[in-house]
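Counting in my numbering, the sequence shown runs from -13 upward without gaps. Every residue gets a Cβ at the ideal spot worked out from N, C-alpha and C, and that includes glycine. Below: the structure, in structure tokens.
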Amino acid sequence: MHPCGTRHLWPSSPPERSFRAFESPAVYAACRPRNRPATAYVVEPSGGKRPGRADMDINGLSAIVTGGGSGLGEATARELNAQGAKVAILDLGSSNGAEVAASLGGLFTEADVTSDEQVTQAVADAAAAHGGVHILINCAGIATAERTVGREGPADLALFTRTVNINLIGTFNAIRVAATEMVKNDPTEDGERGVIINTAS
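Right under this line is the structure:
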């Protein structure tokens, strides 16, 4: 995983007081854009400026949130909507995805993230409805906790396999299909055609 997690615009020289995540010179060097120096500032209440992160303008962009029917996914979908993005929720039919999407004026696309066919169709539906795909945020996942060896014996391999299929393979499935749509977009001034964010808890 990239050490920064998200793309930032950094000053051409390190700030005097680095943020905690960038106290390491090696991490700072890894995260600073190559051959593309830029300056971004955060305005303090006092009116002063300090080097910081540039906010992304997502107004009018098309966003897909997997697992958007509840929890972190729902909160993410609502925040994207509040920022002006056109939101499509990709989730199971048994979820509250349809209700959440309706409350946002968005689109609900029913799909199991482990299914190639279902995810491909869901992403295509979102692209057709919202004019492409610019943002994918993967929130779909399940949480299981077992001891490797417990009183009942070894951990349930089938349960672990299901967890890996949903959390890992399902995430990659959504990435590859959404990225196929993103490459059709015209690049921005920074050369970007889309943004993909993966979450874990």
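| request: Out of S48, T166, N124 and H120, state which residue places its alpha-carbon closest to the alpha-carbon of S187. | output: The residue labelled residue 187 in the question sits at position 201 within the sequence shown. It is N124.
| Nearest candidate by alpha-carbon position, reference T147, set G139, A129 and V163 | On the sequence shown, residue 147 is found 161 positions in, with the first residue counted as 1. Check the Cα spacing between T147 and each of G139, A129 and V163: the tightest is with A129.
| Would DSSP call A165 helix, strand or coil? | Counting from 1 along the sequence shown, the entry for residue 165 is found at position 179. In the structure shown, the three-state DSSP call for A165 is helix.
| query | How long is the line joining the alpha carbons of G55 and G70, rounded to whole angstroms? | reply | Here residue 55 refers to the residue found at position 69 when the sequence shown is read from its first residue. Here residue 70 refers to the residue found at position 84 when the sequence shown is read from its first residue. Straight-line Cα distance between these residues: approximately 19 Å.
| task | Go ahead and pull the three-state DSSP assignment for G57. | result | Within the sequence shown, the letter at position 71 stands for residue 57. For G57, the secondary structure class from DSSP, reduced to helix, strand or coil, is helix.
| field | For Q107 and E9, the rounded distance between their alpha carbons | value | The residue given as residue 9 occupies position 23 in the sequence shown. The residue given as residue 107 occupies position 121 in the sequence shown. Confidence in E9 is poor, its pLDDT being 37 and thus under 50, which makes the residue's placement too unreliable to answer from.
| said: Going by DSSP in three states, N82 sits in which element: helix, strand or coil? | reply: Here residue 82 corresponds to residue number 96 of the sequence shown, with the count starting at 1. N82 falls in the coil class under three-state DSSP.
| query | In or out: V109 buried (at least 16 other Cβ within 10 Å) or exposed? | reply | Numbered from 1 along the sequence shown, position 123 holds the residue referred to as residue 109. With 16 or more other CB atoms across the displayed protein chains lying within 10 angstroms of its CB, V109 is buried.
| Beta carbon of L90, beta carbon of V51: below 8 Å? | For the purposes of this step, residue 90 is taken as residue 104 along the sequence shown, with counting starting at 1. For the purposes of this step, residue 51 is taken as residue 65 along the sequence shown, with counting starting at 1. Against a cut-off of 8 Å, the Cβ pair of V51 and L90 comes out as no contact.
| Nearest CA to the CA of A165: which residue from E178, A68 and A63? | What you label residue 165 is simply residue 179 of the sequence shown in a count that begins at 1. It is E178.
| message | Would the region 149 to 164 count as touching the region 78 to 90 if we require 3 or more Cβ pairs under 8 Å? | response | Judged by Cβ distances under 8 Å, the region 149 to 164 makes no contact with the region 78 to 90, as fewer than three pairs qualify.
| In or out: S80 buried (at least 16 other Cβ within 10 Å) or exposed? | As a working mapping, residue 80 is identified with position 94 in the sequence shown. Exposed.
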